[in-house]
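These protein sequence lines are chains A and B, in that order.
In terms of the working numbering, the first sequence opens at residue 90 and continues consecutively.
In terms of the working numbering, the second sequence opens at residue 3 and continues consecutively.
These notes concern the structure reproduced below.
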Amino acid sequence: MAKILIPTPLRQFTGGADTVTASGATVGELMGALLAAHPDLKKNLYNDEGKLRSFVNIYVNDEDIRYLSKEESAVADSDTVSIIPSIAGGR
Amino acid sequence: MSTTLTNEEIGRYSRHLILPEVGMEGQIKLKDAKVLLVGTGGLGAPMALYLAAAGVGTIGLVDFDVVDVSNLQRQVIHGSKDVGKKKIDSAAESMLDINPTLKIVKHEVALNSENALEIVKQYDLVADGTDNFPTRYLVNDACVLLNKPNVYGSIFRFEGQASVFATEDGPCYRCLYPEPPPPGLVPSCAEGGVLGILPGVVGLIQATEVVKIILGKGETLKGRLLLYDALNMKFRELKLRRNPQCPSGRCTVVNELIDYQQFCGVVENHTEPVQSTSDLEPKQVKAMIDSGEDFILVDVREPHEHQIASIAKATLIPLGQLPNRLSELPKDAKIVCHCKSGMRSAKAVDLLKLNGYSRVQNMKGGILAWSDQIDPTVAKY
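Put into C-alpha cells, the structure is as follows:
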C-alpha cells in the first residue's frame with residue numbers, strides 16, 4: 090500500500106484526511122483506487138476527457154510523473170505519492 | 003554603480019560585512035541591486051521589510067490597494083494607524099523608517115499586459131507576492147521575456163510553495179503548471195483563510211533567495227519546488243524541470259504577453275440574466291421573515307463561519323455538503339441561500355436548480371450586506 094498525500098484544497102473530498110493509502114503497481118492504478126474510495130475527487134483532478142488537469146501535478150517521491158512514465162509510472166509500497174495543485178494566495 | 007559604502011552604512015551593515023559570504027563586495031552588490039516586489043500584502047510585507055533592512059538599494063513596489071483592518075493579521079508592514087491609507091505609502095513609510103538610505107519606486111498600478119514589461123525591465127529581479135493566477139502568469143511571462151529571475155512564493159491556509167523561476171537555464175512557472183485552474187476550483191485566501199504567520203515564513207524564504215541571487219552565493223531554489231506545511235511543521239522539496247520543448251536558452255512557450263484575465267477564464271459576464279431574477283436584497287429577505295412567509299433560509303457557509311455570525315432563521319448546510327443533503331430540502335419548498343458575500347450561495351442556487359428545485363433565490367451580498375443593511379450587531383469578518 091503506497092501512501093498518497095492529499096493537499097489542503099482537496100481534503101474536503103477525502104473526508105478531511107491528509108493521507109490516504111491505496112494499492113496499485115502504477116500511478117494510474119493507485120489513482121483509480123483513490124477515486125474509487127473518494128469519487129468526489131475526480132472532477133478536481135481529471136478533465137472530461139479523463140486527462141489529468143494541467144494545474145495538478147503528481148509526484149512519486151520527489152519526481153514529477155511527467156518525467157517518469159506519466160500514469161504508467163511504477164509505484165512501490167514504500168513510495169509516497171503527492172498531489173500538488175497550483176495555489177495562488179499571497180495577500 | 004557604487005564602489006564604496008559610507009561610514010554610516012558600514013556601521014549599519016556590520017553584521018553583514020563580517021560575513022565572508024557578504025563582505026564589502028556583497029554589500030555593495032546589494033546597494034546597487036534593483037528589486038521589484040509585486041504586491042505589498044502577506045508575502046510582500048515581510049520581503050519589503052527585510053530587504054529594506056538588508057540594504058537592497060532600490061526597491062520597486064507594485065500595489066494599488068488600501069490597507070484594510072483584516073490585513074493586519076499578517077501584513078506586518080502596515081499598522082492600525084495605516085487603515086484606509088494606500089498600501090504603497092504605508093509600506094514605503096515603514097521601509098524608510100528602517101532604512102532611510104533606501105530608494106523606493108512606487109508603481110501604483112495593477113500590473114497588466116500593457117505596463118508589465120516597461121516596469122519589470124527597470125529591475126534586476128522580481129519577487130512575486132501576488133494573490134491571483136492572472137498576475138502570477140503575467141509576472142512569469144514578463145520575467146521570461148526579459149530574462150529576469152522570478153522569485154516565487156504562494157500560500158493557502160497552512161501550506162506554502164516557493165521556488166526561483168525564469169533564470170537563464172532554469173524552469174519557469176509554466177514548466178510547473180502549464181495552465182491555471184478554472185475560476186472557482188481553487189479558493190483564494192479571502193475565501194479559504196490563511197494562517198497569519200504563514201506568509202511571513204514563505205515571504206522570508208523568498209527574501210532569502212532574492213539576497214542569494216544578488217550576492218551570487220549558495221544554491222537557490224532553481225529547479226526545486228519547496229513545500230512548507232505549517233500545521234505539521236514539515237518542509238519537503240520536489241524536483242522541477244524545464245519544459246523539454248525549451249531545451250536551452252529561450253522559453254518556447256512564452257513569446258509575448260497575452261490577455262491573462264481571459265487565459266485564466268476570469269472574464270466577467272455582465273449580462274448574466276439568471277443572477278438578476280434570482281437575487282434578493284437583504285431587506286426583501288428580512289420582510290419575508292417578518293411577515294412569517296413560509297420559506298427555508300439556507301446558510302451555505304462552513305460551520306466555523308456560522309459560529310462567528312449568523313442569521314437566526316438560517317439552517318446551516320455547507321456548500322460542499324449540499325449535494326449529499328438534498329433530502330433535507332423539499333423539492334417544492336421556497337428556498338433562499340446566503341453565504342458571506344453572495345458568491346458561494348450563487349453556486350448553491352445553481353446546484354439546487356440543476357437538481358430540480360424551481361423556487362430558489364440568492365440573498366445578494368451575503369451576511370456582510372445583512373450586517374450593513376439590516377442588523378449591525380451581526381459581526382463582519
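C-beta atoms are modelled at their ideal positions from N, C-alpha and C, and glycine is treated no differently.
In the three-state reduction of the DSSP assignment, Cys177 of chain B falls in the helix class. Between the alpha carbons of Pro174 of chain A and Pro180 of chain B lies a gap of roughly 12 angstroms. With a minimum length of 4 residues, the unbroken runs of alpha helix (DSSP H) contained wholly in the segment 129-166 of chain B fall at 135-148. With a 10 Å radius around the Cβ and a threshold of 16 neighbouring Cβ atoms, Ser82 of chain B comes out exposed.
When DSSP states are grouped into helix, strand and coil, Val362 of chain B belongs to the strand group. For Asn146 of chain A, no alpha helix (DSSP H) segment is defined; the enclosing uninterrupted segment is the beta strand (DSSP E) at Val145 to Val149. In this structure, Ile319 of chain B sits away from Val338 of chain B, with a CB-CB distance that is not shorter than 8 angstroms. At a cut-off of 8 angstroms between beta-carbon atoms, Thr97 of chain A makes contact with chain B. Taking 4 residues as the shortest admissible run, the segment 7-67 of chain B contains the following complete alpha helix (DSSP H) segments, listed from N- to C-terminal end: 9-14, 16-19, 25-34 and 46-56. Under a 10 Å Cβ-count criterion, Thr222 of chain B is classified as buried, with 16 or more other Cβ atoms of the shown protein chains found around its own Cβ. Per the coordinates, the alpha-carbon of Lys333 of chain B lies some 46 angstroms from the alpha-carbon of Asp153 of chain A. In the DSSP assignment, Asp231 of chain B falls within the unbroken beta strand (DSSP E) covering Arg226 to Asp231.
Sequence-distant Cβ neighbours of Ala114 of chain A in its own chain, meaning closer than 8 angstroms and more than five residues away, are Ala163 and Val164. For Asp168 of chain A, no CB of chain B lies under 8 angstroms from its own CB, so it is not counted at the interface with that chain.
Against chain B, a Cβ distance below 9 angstroms from Ile93 of chain A picks out nothing, because the smallest value is about 14 angstroms. Taken residue by residue, none of the segment 328-351 of chain B has a beta-carbon sitting less than 7 angstroms from a beta-carbon on chain A. Counting only Cβ-Cβ distances below 8 angstroms, Ile176 of chain A has contacts in chain B at Ser156, Ile157, Phe158, Glu161, Gln163 and Val188, in chain order. Here DSSP, grouped into helix, strand and coil, assigns Thr97 of chain A to helix. Any Cβ of chain A closer than 8 angstroms to the Cβ of Thr132 of chain B would place that residue at the interface, and such an atom is present. When rounded, the separation of the alpha-carbon atoms in Glu27 of chain B and Glu211 of chain B is 18 angstroms. Residues of chain B with a Cβ closer than 7 angstroms to the Cβ of Asp151 of chain A are, in chain order, Glu239, Leu240 and Lys241.
Within the segment 133-147 of chain B, contact with chain A at the beta-carbon level (separation under 7 angstroms) is assigned to Asp133, Asn134, Phe135 and Arg138. Within 10 angstroms of the beta-carbon of Ala94 of chain B lie 16 or more other beta-carbons, which makes it buried. Per DSSP, Glu116 of chain B lies in no beta strand (DSSP E) segment and is marked neither H nor E. Looking only at B:Leu370, B:Gly25, B:Leu45 and B:Lys31, the smallest Cα-Cα distance to Leu197 of chain B is reached by B:Leu45.
Along the segment 252-271 of chain B, there is no position whose C-beta sits under 9 angstroms from a C-beta of chain A. Each of B:Leu38, B:Ile106, B:Glu307 and B:Asp67 was checked against the Cα of Val85 of chain B, and the nearest Cα belongs to B:Asp67.
By the Cβ test, the segment 105-125 of chain B is in contact with the segment 32-40 of chain B, since at least three Cβ pairs between them sit closer than 8 angstroms. By the Cβ test, the segment 132-143 of chain A is not in contact with the segment 4-20 of chain B, since fewer than three Cβ pairs between them sit closer than 8 angstroms. The C-alpha of Gln323 of chain B lies about 55 angstroms from the C-alpha of Val24 of chain B. Inclusion of Pro151 of chain B and Thr132 of chain B in the CB contact set at 8 angstroms is not warranted, their separation being larger than that value. Taking all protein chains in view, the Cβ of His80 of chain B is crowded by 16 or more other Cβ atoms within 10 Å, so the residue is classified as buried. Flagged as an interface residue toward chain A: Pro180 of chain B, by a C-beta distance shorter than 8 angstroms. Between Val149 of chain A and Leu157 of chain A, the gap from beta carbon to beta carbon is short of 8 angstroms.
By the neighbour-count criterion, in which 16 or more other beta carbons inside 10 Å mark a residue as buried, Arg252 of chain B falls on the exposed side. In the three-state reduction of the DSSP assignment, Glu239 of chain B falls in the strand class, which pools E and B.
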